[in-house]
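Enquirer:
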Amino acid sequence: MNNKYEPLFNSFTLPNGVEIRNRFVLAPLTHVSSNEDGTISNQEILYIEKRSKDVGIAINAASNINDVGKAFPGQPSVAYDSDIEGLKELAKAMKKNGAKALVQIHHGGAQALPNLTPKGDVVAPSPITLKSFGQQEPHDAREMTGDEIEQTIKDFGKATRRVIEAGFDGVEIHGANHYLIHQFVSPYYNRRNDIWADNYKFPNAVIDEVVKAKKTYADDDFIIGYRLSPEEAESPGISMEMTEQLVNLISNKPLDYIHVSLMDVNSVTREGKYKGKNRLKLIHQWINGRMPLIGIGSVFTPQDALNAIDEVGVEFIALGREILLDYDFISKIKDGREDEIINEFDPKRADNHELPPNLWKQFNAGFYPLPRKDK
C-alpha cells in the first residue's frame, strides 16, 4: 500500500467503545432488490456481501419500519417479526469478513409510494403534493394524526428490536433525504399548529425510542447512528442554522455517529450566515469531538477518500456509487493496485459490475449521476 493512504486504514473507537477497523463505510444504498413483500432476497445477500467485505461499517439499504412508510420498490422491511429470519441471513453476510453490520431504519413519509402502501394511503407532517421515487405524476400525502405520529415513533423502536434479534451490530436512524424524520424538521413540510410543529420534537422522540429499545434488548456495544441532510433548496426549508441546532441535539444523545447525506464532500452552504462554508467542516466543528462524523459524496478515487479525512476532517468516509462500480475499491488501495480501480460505469461489462439486475438497469438508464465510459 502507498504509505499516504494509511490514515484510511487506521482503526477508530466509537463513543460506545466499539472499535471500527478502518475509516470506510458502506453507504445505505437503495438497491431495489428485496422480495416484493420486503423480505430479503438471495441476490440482495450476494450483492451486500461483496460490498461489505472490506469496510469498517456496512449499512444496509433504507428499511421500512411499517407498511405506510414504504418508499421504494424492492425495499427491505423491518416492519414484521416474520422479516427476522431473512434479516439474520443478511446480517451474517454483512458481518462475514469483519465489518460491523447496521440497518438503516426508515419511513418515507410524504415520499412513500401509493402503489406500495395499504389502500394507497400516504402520510406526512402536513398535507402536500409531490413526486417521489421514479414517479412521472405527483401524488397527495395527508396530514398524520397525533395517534399516528405516536405509533410511528413506537414502530421505530419495534424495528430496532427486530434488528437486534436478527444479530446486527446497530441501526442508523434515517433523518435525511426528505423522508419522514427530515420532513418534521423542515418548515417546508411541517406546517402543523400542534405540539409536533416543533421542528425537533419528532426526531428527538424517535432517537429516545430507539435508545430505549437498545437499553431493553441489546448490549452497550449496539451502535446507533443518525443520518441527516444539512440544507434544503426548498423555501422555507432547513437552513444551516437549523442544522446547527439539530447537530447539537443529536450530539448530546447517547449515539455513536452522525452521517451527513451529500452528493459532494466538498459542497458549501447555500445561504445564510454560513454561506460559502464547507458543510461537513461546519458540522464537524459543531459536533466538537462528541462523536465521529461520516461524510459522503462524489468519492471515486483513493485521493478523494484521503482528502475527505485529511482536508475536510471527517472521521469516516462512506462509499456509495464508487463501491457499486467496484466492490474491490478498498482492497485495491490496500494492495497498492490503485491503477486497477474501476470508477466509471461501463454498460458493456459482461459482469454488469456485479450489480443486482434492477440496480444495474437504473445505472444504465442514468437514474443516478456518475462517471460513464460511454459518455
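Quick note, in my numbering, the sequence shown goes up one by one and the last residue is 398. Just so you know, even glycine gets a beta-carbon here, dropped at the ideal spot from N, CA and C.
Going by C-alpha distance, which of GLU173, SER321 and PRO315 is nearest TYR391?
Expert: Ranking the options by Cα distance to TYR391, first place goes to SER321.
Enquirer: Bridge partners of TYR240, per DSSP?
Expert: Paired residues: none, contrary to the question.
Enquirer: Just checking my contact of GLN127 with SER86 at CB under 8 Å: how many whole Å lie between their CB atoms?
Expert: Yes, they are in contact, since the Cβ atoms of GLN127 and SER86 sit about 6 Å apart, within 8 Å.
Enquirer: Nearest CA to the CA of LYS200: which residue from GLU338, ASP170, ALA236 and PRO253?
Expert: Note that residue 200 is Asn in the sequence shown here, rather than Lys. Per the Cα distances, PRO253.
Enquirer: What is the residue span of the alpha helix (DSSP H) that TYR249 lies within?
Expert: Where TYR249 is concerned, there is no enclosing alpha helix (DSSP H), although the beta strand (DSSP E) it sits in stretches over 246-251.
Enquirer: Leaving aside the five residues before and after ASN39 along the sequence, list all residues of the same chain whose C-beta is less than 7 Å from its C-beta, in chain order.
Expert: So the qualifying residues of the chain are ASP243, ASP244, ILE246 and ASP279.
Enquirer: Our contact map puts GLY180 next to ALA114 with C-beta atoms below 8 Å; I'd like the distance itself, whole angstroms only.
Expert: Between ALA114 and GLY180 the Cβ distance is about 19 Å, and since that is not below 8 Å, they are no contact.
Enquirer: Exposed or buried, which one is LYS123 when buried takes at least 16 other CB atoms within 10 Å?
Expert: Buried, since its Cβ has 16 or more Cβ neighbours within 10 Å.
Enquirer: On a Cα-Cα basis, can you pick out the residue from ALA135, PRO325, GLY336 and ALA373 that is closest to MET24?
Expert: Of ALA135, PRO325, GLY336 and ALA373, the residue nearest in Cα terms is PRO325.
Enquirer: 8 Å is my cut-off, CB to CB: does SER57 come that close to chain B?
Expert: You won't find chain B in this structure, because it holds only one protein chain.
Enquirer: With a cut-off of 8 Å on the beta carbons, I'd call LEU49 and VAL78 a contact; round off their distance for me.
Expert: With a Cβ gap of about 5 Å, LEU49 and VAL78 count as contacting.
Enquirer: What three-state label does DSSP hand ASN366 in the structure shown?
Expert: DSSP places ASN366 in coil when its eight states are reduced to three.
Enquirer: Exposed or buried, ILE218, counting other C-beta atoms within 10 Å across all chains shown (16 or more means buried)?
Expert: Classification of ILE218: exposed, given that the 10 Å Cβ count is below 16.
Enquirer: If you run the structure through DSSP and keep just helix, strand and coil, what is ILE88?
Expert: Three-state result, ILE88: coil.
Enquirer: I'd like the span of the beta strand (DSSP E) that includes PHE47, first residue to last.
Expert: PHE47 -> beta strand (DSSP E) spans 47-49.
Enquirer: May I ask you to verify whether the stretch 332-342 touches the stretch 300-318, counting CB pairs closer than 8 Å and requiring at least 3?
Expert: A contact exists between the stretch 332-342 and the stretch 300-318.
Enquirer: Measure the alpha-carbon distance for ILE273 versus ILE80 and round it to whole angstroms.
Expert: Rounded to whole angstroms, ILE273 to ILE80 spans 20 Å at the Cα level.
Enquirer: Give the straight-line distance between the Cα atoms of GLY389 and GLU257, rounded to the nearest whole angstrom.
Expert: If you take the alpha carbons of GLY389 and GLU257, they lie about 24 Å apart.
Enquirer: Taking Cβ to Cβ, would you say ASP144 is nearer than 8 Å to VAL91?
Expert: Going by C-beta atoms, ASP144 is nearer than 8 Å to VAL91.
Enquirer: Output the distance between the C-alpha atoms of LYS396 and ASP369, rounded to the nearest integer angstrom.
Expert: Rounded to whole angstroms, LYS396 to ASP369 spans 5 Å at the Cα level.
Enquirer: Have a look at ASP358 and LYS27 and give me their C-alpha separation to the nearest angstrom.
Expert: Each residue's alpha carbon lies about 13 Å from the other.
Enquirer: Between LEU139 and ILE63, which are expected to be in contact by the criterion C-beta below 8 Å, what is the C-beta distance as a whole number of angstroms?
Expert: Actually they are not in contact, since the Cβ atoms of LEU139 and ILE63 sit about 17 Å apart, beyond 8 Å.
Enquirer: CB SER57 to CB PRO99, shorter than 8 Å?
Expert: Yes. Within cutoff.
Enquirer: Please state the DSSP three-state secondary structure of LEU69.
Expert: The answer is helix: DSSP assigns LEU69 an H, G or I state.
Enquirer: Over the uninterrupted alpha helix (DSSP H) stretch that includes ILE332, give me the two end residues.
Expert: Run containing ILE332: none; DSSP gives neither H nor E here.
Enquirer: Apart from the five residues on each side of it in sequence, which residues of its chain come closer than 6 Å, Cβ to Cβ, to ASN83?
Expert: Closer than 6 Å at Cβ, skipping near neighbours: VAL126.
Enquirer: I'd like the span of the beta strand (DSSP E) that includes PHE339, first residue to last.
Expert: Unbroken beta strand (DSSP E) run through PHE339: 339-342.
Enquirer: Any idea which residues DSSP pairs VAL126 with across the strands?
Expert: The partner list for VAL126 (beta bridge, DSSP) reads ASN83 and VAL194.
Enquirer: Please return the same chain residues whose Cβ sits closer than 7 Å to the Cβ of ARG313, not counting the five positions on each side in sequence.
Expert: Contacts found: SER274.
Enquirer: When the distance is taken between beta carbons, is ILE346 closer than 8 Å to ARG165?
Expert: No, they are not a contact pair.
Enquirer: Is the beta carbon of TYR249 sitting closer than 8 Å to the one on GLY198?
Expert: Their beta carbons are under 8 Å apart, which means TYR249 touches GLY198 by this criterion.
Enquirer: Check for me: the alpha helix (DSSP H) holding ILE176 runs from which residue to which?
Expert: It spans 169-188 - the alpha helix (DSSP H) in which ILE176 sits, taken as one unbroken run.
Enquirer: If TYR223 sits next to LEU251, beta carbons under 8 Å apart, how far is it from one beta carbon to the other, in whole angstroms?
Expert: About 12 Å; that fails the 8 Å criterion.
Enquirer: Using CA coordinates, which residue listed in ARG46, THR292, GLY97 and SER34 is at the minimum distance from PRO380?
Expert: PRO380 has its Cα closest to that of GLY97, out of ARG46, THR292, GLY97 and SER34.
Enquirer: Going by beta carbon distance, what residues of the same chain come within less than 7 Å of TYR297, once the five residues before and after it are set aside?
Expert: Within the same chain, TYR297 has close Cβ partners MET263 and LEU305.
Enquirer: Which residue's Cα is closest to the Cα of VAL283: GLU294, GLY295, LEU303 and LYS276?
Expert: When each option's Cα is compared against that of VAL283, the closest is LEU303.
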